[in-house]
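As you go down the protein sequences, you meet chains A and B in turn. For the first sequence, the residue numbers in numbering that gives the first Met the number 0 are 0 to 388. For the second sequence, the residue numbers in numbering that gives the first Met the number 0 are 0 to 138. The beta carbon of each residue, even a glycine, is placed where N, CA and C say it ideally should be.
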Amino acid sequence: MKRLPIATIVLLFAARIASAQSLDDLNIQIHGYATQGFLYTTQNNIFTTNSSDGSPAWTEAVVNLTSQPSEKLRIAVQARYFLLGNYGNAITLDYAMADYKVNDRFGIRFGKVKTPSGLFNETSDIDPAYLWSLLPQSIYPITSRNSFLSHYGGVAYGTLTLPPKIGKLEYRAWGGERSISSDDGYFLAEREQGAVLPNGTATAIAGAALHWKTPLPGFMIGASINHDALGTDAATETIPGYGTFNGTVTTSAAYEPQFFAVYEKTRLTLAGEYTRSPTTAVLQIPYLPSQVVTVDYRSWYGMASYKVTPKLTAGVYDSQIFNRQTALGPARFSKDWVLSTRYDFNQFLYAKAEQHFIDGTAQDFDTDLNPGGLKPSTKLTILKVGVSF
Amino acid sequence: MKLALTIFLFAAAATLLAHPAAAQLIIANPSVKASDVSKADVRDIFSGAASNLKDGSHVTPILLKAGTTNDAFLDLYIGKSDAAFRASWRSLVFSGQATMPRSFESEAAVVEYVAHTPGAIAYIAKTTPHEGVKILAGK
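This is the structure we're talking about:
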């Protein structure tokens, strides 16, 4: 119950100051936002919340400090309080980095930095920036935010100007280490089967992205690829009636390509994205037979939004994920049709309402909070209020 | 009848051919080397996509907080409402890609700041006094 007072205090505090505090003398800016969501589902509980009874267990608050000591150097730190069901309830670091931009053609960030893969990975946790209450979960799962949105290392970036008839090419290249904590949503299925990575995992990553801003104004086509080295980590397995055993889990290296496009014209925005994530994990416990888990996720979405008035935006998307290695049935896929709307009361305060029609159980649902078993279809209603400054 | 039709056609043609950019001036600190700027350059600079003009000059965008000049500028050059424009800047700030541009309540304050800040670039109404700043012609 601590979360409600926390959210209330943060919202009131943010609304009270309701404008960016720019410390001009120090060339420091402070910005932030806070959101409070309410979830209601028919059938299954979602995101480890008691959503079938209606749940307010979705709170976020972010504070950002940015300093620009010189024309080319920028330093930024961003902290986040995140709570969603049993996930989070802690303050974490989104990023802490220095950015040295030589010119538009080349710049570099280093420290803990956002990983610029796909269309929305850099911005997927920035609720004030978009219409949706939830981005397509097939590619941007909210239960893995802390793990997949940033890494320790660096990003090189820039924009190459092409002949006017060809457009512009933006590039990003990144490398470093990514940590996935043991309680991340990424390991939910394993945890529910009794296998736990007590220390999580840390893996070397590298990747690159190209965004081609075509000569057609507002039309961008892009692709990115991320290589996850993965490897071997300590693991425990609990077998009911026999106890807990120590062992290891070895995960094969994964290449995740993403292809995406977006078209923006005045009030209309269209976007789509496709990705594939194949990998194999082998759980080895001494004196027990090895368990091999292979997944091959194919995920995509298509979305459209329209700014009905300067304050009202509405949209729709279809998000789907399939695990080609799972037997036929609702656990093999998740298809999510979404209707969404957002109303901006002013430049600081906004509200969102969203309706999901989810078919399949391949993601988002846990079995602990659905002890009677998962139903194949669920309707999810989200209400959210947010304030930013 | 013919006269009325002729007047109407002239008026319609004048409306269609009038350069809407004429309502605003793009101003910069005199340290900026460039003397002209394209609409695409203005859009990139003020949307955070670029920080250099084509001649290599580093520029820093300065915004108005509200008002008709601000709305007309955003409509003409950026193609976004004020709320959507500021949301896109917040997106850049919270994703660690940019610093929020300084905003001023009045055009006089914008002119004053641009005049004394190397690299600053901004927009004002054509009728606003603009001593001490450089006018960048449209390309």
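Against residue i, what residues of chain A qualify as contacts under a CB-to-CB distance less than 7 Å, listed in chain order?
i, result
"residue 98 (chain B)", "28, 65, 67 and 73"
"residue 137 (chain B)", "Chain A residues near residue 137 (chain B): none, gap ~17 Å exceeds 7 Å."
"residue 78 (chain B)", "265"
Going along chain B in order, which residues have a C-beta closer than 8 Å to the C-beta of residue i?
i, result
"residue 145 (chain A)", "Near residue 145 (chain A) there are no residues of chain B at all, since even the closest Cβ is about 15 Å away, more than 8 Å."
"residue 158 (chain A)", "48 and 49"
"residue 77 (chain A)", "93 and 95"
"residue 306 (chain A)", "80 and 83"
What in chain B is Cβ-close to residue i, meaning under 9 Å?
i, result
"residue 326 (chain A)", "Under the 9 Å cutoff, chain B gives no residues; its nearest Cβ is about 39 Å from residue 326 (chain A)."
"residue 102 (chain A)", "50, 51, 55 and 57"
"residue 170 (chain A)", "Those within 9 Å of residue 170 (chain A) in chain B number zero; the least Cβ separation is about 14 Å."
"residue 94 (chain A)", "94 and 95"
"residue 261 (chain A)", "The contacting residues do not exist; residue 261 (chain A) stays about 13 Å from chain B at best."
Establish whether the CB of residue i and some CB of chain B are separated by less than 8 Å.
i, result
"residue 113 (chain A)", "yes"
"residue 281 (chain A)", "no"
"residue 387 (chain A)", "yes"
"residue 20 (chain A)", "Any reading at residue 20 (chain A) must be qualified, since the residue scores a pLDDT of 48, below 50, and its modelled position is unreliable; the value itself is stated next. Chain B contact via Cβ: absent."
"residue 309 (chain A)", "yes"
"residue 346 (chain A)", "yes"
"residue 374 (chain A)", "no"
"residue 61 (chain A)", "yes"
"residue 383 (chain A)", "no"
"residue 14 (chain A)", "With a pLDDT of 46 at residue 14 (chain A), under the threshold of 50, the predicted position of this residue should be treated as unreliable, though the coordinate-derived value follows. Judged by the 8 Å Cβ criterion, residue 14 (chain A) is not in contact with chain B."
Spatial neighbours of residue i within its chain, please: C-beta separation below 6 Å, excluding the five flanking residues on both sides.
i, result
"residue 193 (chain A)", "236 and 237"
"residue 295 (chain A)", "277, 323 and 324"
"residue 290 (chain A)", "282"
"residue 306 (chain A)", "266 and 312"
"residue 354 (chain A)", "338 and 380"
"residue 33 (chain B)", "52, 54 and 56"
"residue 358 (chain A)", "334 and 376"
"residue 308 (chain A)", "none"
"residue 121 (chain B)", "26, 61, 109 and 113"
"residue 227 (chain A)", "202, 204 and 253"
"residue 218 (chain A)", "262"
"residue 156 (chain A)", "106 and 171"
Buried or exposed: residue i, going by 16 or more other Cβ atoms within 10 Å of its Cβ?
i, result
"residue 103 (chain A)", "buried"
"residue 221 (chain A)", "buried"
"residue 191 (chain A)", "exposed"
"residue 80 (chain A)", "buried"
"residue 37 (chain B)", "exposed"
"residue 152 (chain A)", "buried"
"residue 63 (chain B)", "buried"
"residue 179 (chain A)", "buried"
"residue 167 (chain A)", "buried"
"residue 164 (chain A)", "exposed"
"residue 53 (chain A)", "exposed"
"residue 115 (chain B)", "exposed"
"residue 138 (chain B)", "exposed"
"residue 18 (chain B)", "A caution first: residue 18 (chain B) carries a pLDDT of 42, below 50, which makes its placement in the model unreliable, though a value can still be read off. Exposed, since its Cβ has fewer than 16 Cβ neighbours within 10 Å."
"residue 30 (chain B)", "exposed"
"residue 101 (chain A)", "exposed"
"residue 241 (chain A)", "exposed"
"residue 90 (chain A)", "exposed"
I want to see whether chain A comes within less than 8 Å of residue i, judged by CB atoms only; does it?
i, result
"residue 93 (chain B)", "yes"
"residue 82 (chain B)", "yes"
"residue 21 (chain B)", "Here the model assigns residue 21 (chain B) a pLDDT of 49, short of 50, so the residue's position is not dependable, and the following value carries that caveat. Chain A, which has no Cβ nearer than 8 Å to the Cβ of residue 21 (chain B), makes this no."
"residue 140 (chain B)", "The structure shown has nothing for residue 140 (chain B), since chain B only spans 0 to 138."
Residues of chain A with CB under 8 Å from residue i, in chain order?
i, result
"residue 118 (chain B)", "70"
Residue i touches chain A at which residues, Cβ-Cβ below 9 Å?
i, result
"residue 90 (chain B)", "121, 122, 125, 127, 128 and 129"
Using a cut-off of 7 Å between C-beta atoms, extract the partners of residue i located in chain B.
i, result
"residue 288 (chain A)", "None at all; the shortest Cβ gap to chain B is about 46 Å."
"residue 343 (chain A)", "82"
Using the beta-carbon of each residue, which ones in chain C are nearer than 9 Å to residue i?
i, result
"residue 33 (chain B)", "Annotation note: the requested chain C is absent from the structure, which comprises protein chains A and B."
Excluding sequence positions up to five away, which residues of its chain have a Cβ less than 7 Å from the Cβ of residue i?
i, result
"residue 362 (chain A)", "136, 140, 320 and 333"
"residue 126 (chain B)", "none"
"residue 234 (chain A)", "194, 195, 196, 246, 247, 248 and 282"
"residue 343 (chain A)", "310 and 349"
"residue 40 (chain B)", "52 and 53"
"residue 198 (chain A)", "181, 232 and 233"
Once you ignore the five residues that flank residue i on each side, which residues in its own chain have a CB closer than 8 Å to its CB?
i, result
"residue 364 (chain A)", "43, 44, 45, 373 and 377"
"residue 145 (chain B)", "Limits of chain B in this structure are 0 at one end and 138 at the other, which puts residue 145 (chain B) out of reach."
"residue 21 (chain B)", "At residue 21 (chain B), the pLDDT of 49 sits below 50, so the modelled position is not reliable; the number obtained from the coordinates is stated separately. Same-chain partners within the cutoff: 125."
* Asked: Curious, which full-length beta strand (DSSP E) runs of at least 3 residues does the segment 237 to 303 of chain A contain?
  -> Counting whole runs of 3 or more residues, the segment 237 to 303 of chain A contains the beta strand (DSSP E) stretches 242 to 250, 253 to 264 and 267 to 283.
* Enumerate, from N- to C-terminal direction, the unbroken beta strand (DSSP E) stretches of 3 or more residues contained entirely within the segment 171 to 235 of chain A. => Here the runs fully enclosed are 200 to 212 and 218 to 227.
* To do: Give, in chain order, every unbroken run of the alpha helix (DSSP H) that is at least 4 residues long and sits entirely within the segment 77 to 152 of chain A.
  => Counting only runs of 4 or more, we get 144 to 147.
* In chain order, each beta strand (DSSP E) run of at least 3 residues that lies wholly inside the segment 14 to 78 of chain B -> Listed in chain order, the complete beta strand (DSSP E) runs (minimum 3 residues) inside the segment 14 to 78 of chain B are 23 to 27 and 59 to 63.
* Which whole runs of the beta strand (DSSP E) in the segment 319 to 380 of chain A are 3 residues long or more, in chain order? -> Segments of the beta strand (DSSP E) lying fully in the segment 319 to 380 of chain A: 332 to 343 and 348 to 358.
* With a floor of 3 residues, list each beta strand (DSSP E) that falls wholly inside the segment 99 to 131 of chain B, ordered by position along the chain. => Runs found: 101 to 103 and 119 to 124.
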